[in-house]
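Quick note: to get this note's numbering, add 121 to the position in the sequence shown (first position is 1).
Below is one structure, written out as structure tokens; comments come after it.
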Amino acid sequence: MKSTDIDAIIFDMGGTLLDYDPVPAGEMRLIRAERIAAFLNAKGYKLSAAAVDEHLIAPYHHQNMVECEKTLREVDLCACVKKGLLQLKVAEDYTLWIIGLVHRILKENLVVYADSMEALEKLSAKYPLGLVSNTTIPGVYFANDLAEIGMAKYFRQCLFTADWGFRKPHASTFYRMLELLGTEAERSLYVGDSFRNDIYGPSQIGMKTAWVNPGRGPRPDGFGSLAPDYEIKTVGELAGLILNGE
Numbered sequence: 122m123k124s125t126d127i128d129a130i131i132f133d134m135g136g137t138l139l140d141y142d143p144v145p146a147g148e149m150r151l152i153r154a155e156r157i158a159a160f161l162n163a164k165g166y167k168l169s170a171a172a173v174d175e176h177l178i179a180p181y182h183h184q185n186m187v188e189c190e191k192t193l194r195e196v197d198l199c200a201c202v203k204k205g206l207l208q209l210k211v212a213e214d215y216t217l218w219i220i221g222l223v224h225r226i227l228k229e230n231l232v233v234y235a236d237s238m239e240a241l242e243k244l245s246a247k248y249p250l251g252l253v254s255n256t257t258i259p260g261v262y263f264a265n266d267l268a269e270i271g272m273a274k275y276f277r278q279c280l281f282t283a284d285w286g287f288r289k290p291h292a293s294t295f296y297r298m299l300e301l302l303g304t305e306a307e308r309s310l311y312v313g314d315s316f317r318n319d320i321y322g323p324s325q326i327g328m329k330t331a332w333v334n335p336g337r338g339p340r341p342d343g344f345g346s347l348a349p350d351y352e353i354k355t356v357g358e359l360a361g362l363i364l365n366g367e
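Below, the structure is given as structure tokens:
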């Protein structure tokens, strides 16, 4: 494949350009439970982190990791939080407060990969860029983060699955971004770190793919002979290949 075969490039966000989750999952889950409990207790309740985890966080995790992975319908985070608050017998609707708190916890751990900005700047000078990211928190939070760190300006369009209703690798997420960019699948390159979401998903509709695989790990089982068009350690490496005509 030559770079002349590409009219647009679409990126994944977390794990590809930046990282919101450098803290181990178990530790992050405890932090969230403790911070939500502290917030509610400051409003006059007497709730333990364990209770918050049981009635609010655990049901969300089950829906996110099990139910939604089966159907590819994105989590309705507002509904999850509202139900959890009812289970905790919290009378007031603190749904948006809690979603904002969870986002702030994520943002505290935000790390932008070293060569992401330079790569995006170079590629955006030649190609229209898009971004598609699986998110359960509404996209406005992440759009604001991208603007604050100076990354938003490189993207013509961004799609966050909390706003769309389906998550990658559902074909509609990719088709919608192609529609927004006004380009065709066969002339577009998708870049991401998840083989299932970012390689298998877009390849099923005819997109070219680039797999960000920093550790050069083996391809996961279950995808037959499927291979990405590029396999790279970082998006900076990809920018070098494409801009050199490879």
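Where is the CB? At the ideal position from N, CA and C, for every residue including glycine.
Whole-angstrom distance between Gly286 and Arg308, CA atom to CA atom: Residue numbering aside, residue 308 sits at position 187 when the sequence shown is read from its first letter. Residue numbering aside, residue 286 sits at position 165 when the sequence shown is read from its first letter. About 25 Å.
Beta strand (DSSP E) runs wholly inside the segment 237–309, at least 3 long, in chain order: 250–254 and 278–281
Of the listed residues Leu217, Gly221 and Leu227, nearest to Leu145 (C-alpha basis): Position 24 of the sequence shown holds residue 145. A small fix is needed here, since residue 145 is Pro in this sequence, not Leu. The residue with the shortest Cα to Cα distance from Pro145 is Leu227.
Where Glu229 falls: helix, strand or coil (DSSP): Position 108 of the sequence shown, counted from the first residue, corresponds to residue 229. DSSP places Glu229 in helix when its eight states are reduced to three.
Coil, strand or helix - Val196 by DSSP: Numbered from 1 along the sequence shown, position 75 holds the residue referred to as residue 196. Val196: coil per DSSP, three-state reduction.
Segment contact flag, the segment 280–298 with the segment 348–364, C-beta cutoff 8 Å, min 3 pairs: no
Cβ neighbours of Val223 in the same chain (closer than 7 Å, five flanking residues each side left out): As a position in the sequence shown, residue 223 is number 102, starting the count at 1. Only Arg153 and Ile258 meet the Cβ criterion.
8 Å Cβ cutoff met for Pro339 and Thr355: As a first step, residue 339 must be located in the sequence shown, where it is residue number 218. As a first step, residue 355 must be located in the sequence shown, where it is residue number 234. No, they are not a contact pair.
Own chain residues within Cβ distance below 6 Å of Thr216, not counting five before or after: Sequence index remark: in the sequence shown, residue 216 carries index 95 (1-based). Annotation for Thr216: Cys199, Val202 and Lys203 place their beta carbon closer than 6 Å to its own, counting only its chain and skipping 5 residues before and after.
Cβ-based burial, Glu195 [other Cβ within 10 Å; buried from 16]: Locating residue 195 in the sequence shown gives position 74, where the first residue counts as 1. Buried, since its Cβ has 16 or more Cβ neighbours within 10 Å.
Element boundaries [beta strand (DSSP E), containing Ile331]: Here residue 331 refers to the residue found at position 210 when the sequence shown is read from its first residue. Ile is not the amino acid found at residue 331; the sequence shown has Ala there. Note, Ala331: beta strand (DSSP E), Lys329 to Val333.
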